[in-house]
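Some notes on the structure that comes next.
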Amino acid sequence: MDVNQDVETVRKAVRQGEWCRPTTGLAPGYTQANLVILPKRYAYDFLLFCVRNPKPCPLLEVTDTGSPVPRQTAPEADLRTDLPKYRIYRKGVLEDEVTDISGYWSDDFVSFLLGCSFTFEKALLQSGIPIRHIDEGCNVSMYRTHIPCHPAGVFKGPMVVSMRPMKSRDVIRAVQITSRFPSVHGAPVHIGHPEEIGIRDLTQPDFGDPVTVYEGEVPVFWACGVTPQAVAMASKPDLMITHAPGHMFMTDIREEEHAVL
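Using our numbering, read the sequence shown as starting at 1 and increasing by one per residue.
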């Protein structure tokens, strides 16, 4: 499939099992989203968790109970089938990774779509800042940190960050660009010195793939929508369904709608 296809063509390819890989670079210009699905009894606590932690969990939409249709961001889509890969967590343990969650679906489910940093990558590229995981054709590197999220109800746990290495001369520009996208994680939460946020080895990401960091480059870290998966492991809800890291939901919302002046 051509990565430059329109968003509906991409979702159709995903739905039909023709694309099961990470979605970085797909359907340029359209907002990508992280997914969290929970039984209704956890919905308020998780909503409060997102409100208290807007950097890693910027809310784009919360669905009606039992509805797999994100009516605000992609009213023709189906959250049960339209992501390349999903993860099933039970009591904090990763039970399975699947390409369709129709068999798991319950009328009790509430779905949350969270902003994704893939959304601002086009703006970085347009400013001449390379994206290493795109250049290397792999998933972005993601790491657990020792930065604690603000707890809410049953939910607590560490922040996860995504990392993009770049030359030091590009760092200030990257901060300026991404700060214009607060609804998709915004500006970085940390620059350089990964050990200061609890990352011991950049070659061993907790999620995604390692990328090359060349001599003289600076690792730049953004809050990441995989944070709820680390929170699931720490909080152990009976069930949480998420996207597989890097395998995002493609919305109908144009990227520029998230940019602020």
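The beta-carbon is built from N, C-alpha and C at its ideal position, and this holds for glycine as well.
Because the structure is a prediction, the values reported are computed rather than measured.
query	result
Neighbour-count burial assignment, I37, 16 or more Cβ in a 10 Å radius	buried
For W105 and V140, the rounded distance between their alpha carbons	29 Å
Through-space distance from D108 to V161, alpha-carbon basis	30 Å
Complete beta strand (DSSP E) runs within the stretch 5–53 (minimum length 3 residues, chain order)	30–39
Residue from L35, C50, N34 with nearest C-alpha to P151	C50
Distance, E195 Cα to W222 Cα	15 Å
Where the beta strand (DSSP E) through M142 begins and ends	141–148
contact_flag[the stretch 234–245, the stretch 82–96] where n(CB pairs < 8 Å) is 3 or more	yes
Counted within 10 angstroms of its Cβ, other Cβ atoms place H185 as buried (16 or more) or exposed	buried
Limits of the unbroken beta strand (DSSP E) element including H243	240–243
Where E256 falls: helix, strand or coil (DSSP)	helix
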